[in-house]
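For the record, the sequence lines run as chains S and F. In this text, residue positions in the first sequence follow the working numbering: the first is 278, and each later residue adds one. In this text, residue positions in the second sequence follow the working numbering: the first is 278, and each later residue adds one. A short worksheet on the structure shown next.
Protein chains: 2
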Amino acid sequence: MTTTISINDSHRLLAKQLDMAPRLLLGPGPSNVPPRVLQALSMTTVGHLDPLFLQMMDETQTLLRYAWQTDNPMTISVSGTGSAAMEATLANTVEPGDVVLVGVNGYFGHRLLDMAGRYGADTRKLTKPWGETFSLEELRIGLNCHRPAILALVHAETSTGACQPLVGVGELCREFNCLLLVDTVTSLGGVPLFIDEWGIDLAYSCSQKGLACPPGIAPFTMSPRAVEKLQQRRAKVANWYLDISMLCQYWGNERTYHHTAPINMNYALREALRLVAEEGLAAVWARHQANAELLWQGLADLGLTCHVPKEFRLPTLTTVTIPPGVDGKAVARQLLQEYNLEIGGGLGELAGKVWRIGLMGFNSRRENVILCLSALERVLKNF
Amino acid sequence: MTTTISINDSHRLLAKQLDMAPRLLLGPGPSNVPPRVLQALSMTTVGHLDPLFLQMMDETQTLLRYAWQTDNPMTISVSGTGSAAMEATLANTVEPGDVVLVGVNGYFGHRLLDMAGRYGADTRKLTKPWGETFSLEELRIGLNCHRPAILALVHAETSTGACQPLVGVGELCREFNCLLLVDTVTSLGGVPLFIDEWGIDLAYSCSQKGLACPPGIAPFTMSPRAVEKLQQRRAKVANWYLDISMLCQYWGNERTYHHTAPINMNYALREALRLVAEEGLAAVWARHQANAELLWQGLADLGLTCHVPKEFRLPTLTTVTIPPGVDGKAVARQLLQEYNLEIGGGLGELAGKVWRIGLMGFNSRRENVILCLSALERVLKNF
Chain S
278 MTTTISINDS HRLLAKQLDM APRLLLGPGP SNVPPRVLQA LSMTTVGHLD PLFLQMMDET
338 QTLLRYAWQT DNPMTISVSG TGSAAMEATL ANTVEPGDVV LVGVNGYFGH RLLDMAGRYG
398 ADTRKLTKPW GETFSLEELR IGLNCHRPAI LALVHAETST GACQPLVGVG ELCREFNCLL
458 LVDTVTSLGG VPLFIDEWGI DLAYSCSQKG LACPPGIAPF TMSPRAVEKL QQRRAKVANW
518 YLDISMLCQY WGNERTYHHT APINMNYALR EALRLVAEEG LAAVWARHQA NAELLWQGLA
578 DLGLTCHVPK EFRLPTLTTV TIPPGVDGKA VARQLLQEYN LEIGGGLGEL AGKVWRIGLM
638 GFNSRRENVI LCLSALERVL KNF
Chain F
278 MTTTISINDS HRLLAKQLDM APRLLLGPGP SNVPPRVLQA LSMTTVGHLD PLFLQMMDET
338 QTLLRYAWQT DNPMTISVSG TGSAAMEATL ANTVEPGDVV LVGVNGYFGH RLLDMAGRYG
398 ADTRKLTKPW GETFSLEELR IGLNCHRPAI LALVHAETST GACQPLVGVG ELCREFNCLL
458 LVDTVTSLGG VPLFIDEWGI DLAYSCSQKG LACPPGIAPF TMSPRAVEKL QQRRAKVANW
518 YLDISMLCQY WGNERTYHHT APINMNYALR EALRLVAEEG LAAVWARHQA NAELLWQGLA
578 DLGLTCHVPK EFRLPTLTTV TIPPGVDGKA VARQLLQEYN LEIGGGLGEL AGKVWRIGLM
638 GFNSRRENVI LCLSALERVL KNF
């Protein structure tokens with residue numbers, strides 16, 4: 278091979294062997310990954326059309342249906358993070374001019390609005406202060422006023438720690454002939470969630486919270502009603518990578534190549550879902566609730582208050598009000614530096630006002646709760 | 278936790294422990310992943326804003342610049358597969374009505390056309406039979422006729438095995454005041470490639486071929502000229518997930534949260550790039566060339582012919598003409614079943630006409646070449 282250009286070695290970094298500190302990840306995600314999932318992740322890579330891989334995809338779909346409590350045939354893993362799956366719900370169903378009504382009571386409601394707008398939606402919003410939720414009556418008034426094609430709500434607002442009640446919302450959306458799109462990023466695998474019973478038409482999640490798989494692959498599901506809207510589109514989906522009309526030919530019987538699936542991430546997701554199926558959803562949900570209550574009691578004992586009233590509080594993610602005079606960022610930094618413990622800060626309206634403590638998936642364990650409380654107590658003494 | 282809905286166990290699959298056969302992946306990708314990269318992949322997950330992770334991102338950017346021979350500040354890993362990075366190049370730079378001229382001489386030229394159209398481009402194409410390449414004179418005529426904002430070419434057509442010469446194309450694009458976009462999916466880490474010297478403004482690749490990392494993360498680079506076009510956009514990028522104007526705030530000094538980075542996939546990519554830097558590009562390219570030539574000689578000895586003339590043949594991926602009367606699919610199936618050896622079939626115009634044999638990254642080794650030749654010889658005897 279002859280080439281007249283000489284190779285530039287200025288960026289030829291002699292980097293050290295990768296090493297990472299043993300962090301306990303009690304922030305808003307990612308969560309720590311259980312050994313079995315890390316083992317699956319590093320299994321021998323095979324081809325994306327290998328019969329062994331195709332069989333594994335079928336199993337992943339089944340396990341996802343269990344975790345989400347849905348029979349939707351179109352239940353897959355999207356080859357990106359939760360935000361890609363979020364965009365997939367909108368990209369496939371929004372046509373220019375469609376009214377999309379978003380319940381905005383936190384950071385991710387804003388993101389849904391931003392994304393929907395990029396696909397030409399006529400975006401409308403219902404707003405609530407960050408940390409509050411929408412009542413059925415408020416949603417009815419919103420639907421009646423805006424008559425949207427899609428109502429988008431965040432089940433578990435990662436930015437606020439509030440859980441949006443969903444019982445009855447599906448019926449309401451049918452009454453107003455609109456699709457119900459729900460963000461389940463911080464609820465799947467941690468909080469009771471019934472896609473079919475609740476009449477949810479479009480949902481997405483991530484891998485790195487309740488499922489305790491590394492980030493980089495994302496659950497996505499779509500009801501037959503939503504598929505119908507996709508099939509009736511006048512124009513192509515305005516996003517090639519996330520075009521479900523093409524992806525369903527890879528996940529379906531045709532097995533037509535679309536893009537090379539993230540093989541090892543799919544291994545990890547399957548193992549994470551297998552752990553959920555082994556433990557069983559009832560036990561998973563009860564564990565998350567019990568450990569969250571232990572945390573809440575401990576926080577109260579330290580004189581700290583939660584931002585969300587108990588009735589609407591997520592067991593997966595707790596927002597803790599930063600006491601007056603305390604530098605929240607400095608506390609988080611000290612927890613990381615002195616105890617290898619990661620907790621999150623606030624976003625948007627809640628920046629500087631709350632810490633976010635996640636107890637999700639593998640990390641929802643009693644020992645993590647008491648370690649977190651003890652570290653927080655010790656660090657707060659310095660402030 | 279009380280809930281009145283009972284959990285449906287119909288999808289509660291009791292799946293077996295994950296296991297995969299020890300495939301040798303000599304198809305068009307993914308390639309086998311070296312042990313060091315699999316080890317890095319399963320390193321402890323940390324947070325996407327952890328100082329340790331941010332430092333690792335910087336190192337990855339530097340190593341990517343080396344592999345691509347570029348100083349572009351905007352050189353990052355996209356949180357998806359190569360197709361996502363492909364779409365990122367177009368999504369960020371195409372505005373509705375922009376003329377995008379694509380050299381179509383294989384499957385991926387068609388994909389570029391499809392994607393560009395979804396972002397409102399006025400798409401034009403130069404076509405050549407699959408397996409051929411464009412001369413500088415042909416490109417000049419095309420640029421003169423169509424006067425595009427972007428010329429898109431595929432450096433290494435994974436569907437045909439042809440290598441598009443790029444020397445002089447960058448100058449031509451400057452003469453016609455257009456950006457040069459290049460697909461380097463099957464060239465990065467295997468074939469001489471000089472982003473800056475060749476005047477390439479936008480390039481993308483994948484992780485799972487020359488770099489021998491699992492699929493699911495994708496190199497992306499953008500020259501200052503291309504960044505300028507992005508900054509002058511009239512409207513938001515019509516794709517939230519791939520919006521470089523937001524992503525650059527996470528990769529830059531601000532470290533503003535956009536989406537949760539695929540932590541472990543980034544570990545793996547860094548290790549894969551570290552292996553390239555250790556071996557050095559000159560040695561990497563020479564190894565790919567030498568092993569490809571060993572393969573070509575062996576194929577000739579078996580009486581098989583390559584689809585692409587030697588002058589334009591990729592060392593990373595060889596298309597082999599299926600002899601008359603031989604069932605190509607049956608041969609590939611037998612290689613997989615009897616020897617755990619994966620090779621690829623043809624796509625599009627070349628479906629049923631060629632096999633695709635990849636020797637990429639970690640897999641470009643003498644022992645793999647002779648195993649492939651020997652297995653092929655044995656299987657072909659039955660046909």
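Glycine residues also receive a C-beta, built at the ideal position from the N, C-alpha and C atoms. Just so we're clear, the structure is a prediction, and the values are computed from it rather than from any experiment.
Starting from residue i, trace the beta strand (DSSP E) in both directions and tell me its first and last residue.
{"i": "residue 495 of chain S", "result": "495 to 499"}
{"i": "residue 347 of chain S", "result": "Careful: residue 347 of chain S lies outside any beta strand (DSSP E) and carries neither H nor E."}
{"i": "residue 635 of chain S", "result": "631 to 635"}
{"i": "residue 381 of chain S", "result": "376 to 381"}
{"i": "residue 323 of chain S", "result": "That residue, residue 323 of chain S, is in no beta strand (DSSP E); it is neither H nor E in DSSP."}
{"i": "residue 457 of chain S", "result": "456 to 460"}
{"i": "residue 431 of chain F", "result": "427 to 431"}
Does DSSP put residue i in a helix, in a strand, or in coil?
{"i": "residue 523 of chain S", "result": "helix"}
{"i": "residue 391 of chain S", "result": "helix"}
{"i": "residue 278 of chain S", "result": "The predicted model places residue 278 of chain S with a pLDDT of 44, which falls under 50 and marks its position as unreliable; any figure quoted below should be read in that light. Note: residue 278 of chain S maps to coil in three-state DSSP."}
{"i": "residue 284 of chain S", "result": "coil"}
{"i": "residue 532 of chain S", "result": "coil"}
{"i": "residue 229 of chain S", "result": "The structure shown does not extend to residue 229 of chain S, since chain S is modelled only from 278 to 660, so the question has no answer here."}
{"i": "residue 621 of chain F", "result": "strand"}
{"i": "residue 308 of chain F", "result": "coil"}
{"i": "residue 595 of chain S", "result": "strand"}
{"i": "residue 422 of chain S", "result": "helix"}
{"i": "residue 658 of chain S", "result": "coil"}
{"i": "residue 401 of chain F", "result": "strand"}
{"i": "residue 340 of chain S", "result": "helix"}
Tell me where the alpha helix (DSSP H) around residue i begins and ends.
{"i": "residue 558 of chain S", "result": "558 to 578"}
{"i": "residue 365 of chain F", "result": "359 to 370"}
{"i": "residue 607 of chain F", "result": "605 to 616"}
With C-beta atoms as the reference, is residue i less than 9 angstroms away from residue j?
{"i": "residue 479 of chain F", "j": "residue 457 of chain F", "result": "yes"}
{"i": "residue 299 of chain S", "j": "residue 638 of chain S", "result": "no"}
{"i": "residue 328 of chain F", "j": "residue 467 of chain F", "result": "no"}
{"i": "residue 297 of chain S", "j": "residue 339 of chain F", "result": "no"}
{"i": "residue 653 of chain F", "j": "residue 608 of chain F", "result": "yes"}
{"i": "residue 655 of chain S", "j": "residue 435 of chain S", "result": "no"}
{"i": "residue 542 of chain F", "j": "residue 295 of chain S", "result": "no"}
{"i": "residue 537 of chain S", "j": "residue 306 of chain F", "result": "yes"}
{"i": "residue 520 of chain F", "j": "residue 363 of chain F", "result": "no"}
{"i": "residue 433 of chain F", "j": "residue 585 of chain F", "result": "no"}
{"i": "residue 428 of chain F", "j": "residue 415 of chain F", "result": "no"}
{"i": "residue 618 of chain F", "j": "residue 612 of chain F", "result": "yes"}
Below 9 angstroms on C-beta distance, what does residue i contact in chain S?
{"i": "residue 349 of chain F", "result": "Per Cβ cutoff of 9 angstroms: no residues; residue 349 of chain F is ~10 angstroms from chain S at best."}
{"i": "residue 360 of chain F", "result": "356, 517, 518, 535, 536, 537"}
Output needed for residue i: all residues of its chain with C-beta closer than 6 angstroms, excluding positions within five of it in sequence on either side, in chain order.
{"i": "residue 660 of chain S", "result": "603"}
{"i": "residue 314 of chain F", "result": "490, 545, 548, 549"}
{"i": "residue 526 of chain F", "result": "533"}
{"i": "residue 259 of chain F", "result": "Outside the modelled stretch of chain F, which goes from 278 to 660, sits residue 259 of chain F, for which no answer is possible."}
{"i": "residue 365 of chain F", "result": "355, 497, 519"}
{"i": "residue 278 of chain S", "result": "At residue 278 of chain S, the pLDDT of 44 sits below 50, so the modelled position is not reliable and the matter cannot be decided from this model."}
{"i": "residue 516 of chain S", "result": "368"}
Starting from residue i, find everything on chain F with Cβ-Cβ shorter than 7 angstroms and list it in chain order.
{"i": "residue 407 of chain S", "result": "Those do not exist, as residue 407 of chain S stays about 16 angstroms from chain F at its closest Cβ, beyond 7 angstroms."}
{"i": "residue 336 of chain S", "result": "290, 292"}
{"i": "residue 391 of chain S", "result": "517"}
{"i": "residue 513 of chain S", "result": "395"}
Starting from the C-beta of residue i, find all residues in its chain whose C-beta is less than 7 angstroms away, skip the five residues before and the five after it, and write them out in chain order.
{"i": "residue 465 of chain F", "result": "344, 345, 482, 487, 488, 496"}
{"i": "residue 540 of chain F", "result": "322, 323, 325, 330"}
{"i": "residue 643 of chain F", "result": "568, 571"}
{"i": "residue 358 of chain S", "result": "483, 492, 493, 495"}
{"i": "residue 390 of chain S", "result": "379, 381, 400, 402"}
{"i": "residue 506 of chain F", "result": "370, 456"}
Please list, in chain order, all residues of the same chain as residue i whose beta carbon is under 8 angstroms from its beta carbon, the five residues on each side excluded.
{"i": "residue 399 of chain F", "result": "374, 375, 376, 377"}
{"i": "residue 573 of chain F", "result": "583, 587, 590, 595"}
For residue i, verify whether its CB is less than 8 angstroms away from any heavy atom of the ligand PLP.
{"i": "residue 401 of chain F", "result": "The model depicted lacks the ligand PLP and carries no ligand whatsoever."}
How would you list, in chain order, the residues of chain F whose beta-carbon sits under 8 angstroms from the beta-carbon of residue i?
{"i": "residue 491 of chain S", "result": "322, 539, 540, 541, 542"}
{"i": "residue 319 of chain S", "result": "315, 316, 318, 319"}
Going along chain F, which residues have a C-beta under 9 angstroms from residue i?
{"i": "residue 439 of chain S", "result": "Here the premise fails: no neighbours, minimum Cβ distance about 17 angstroms."}
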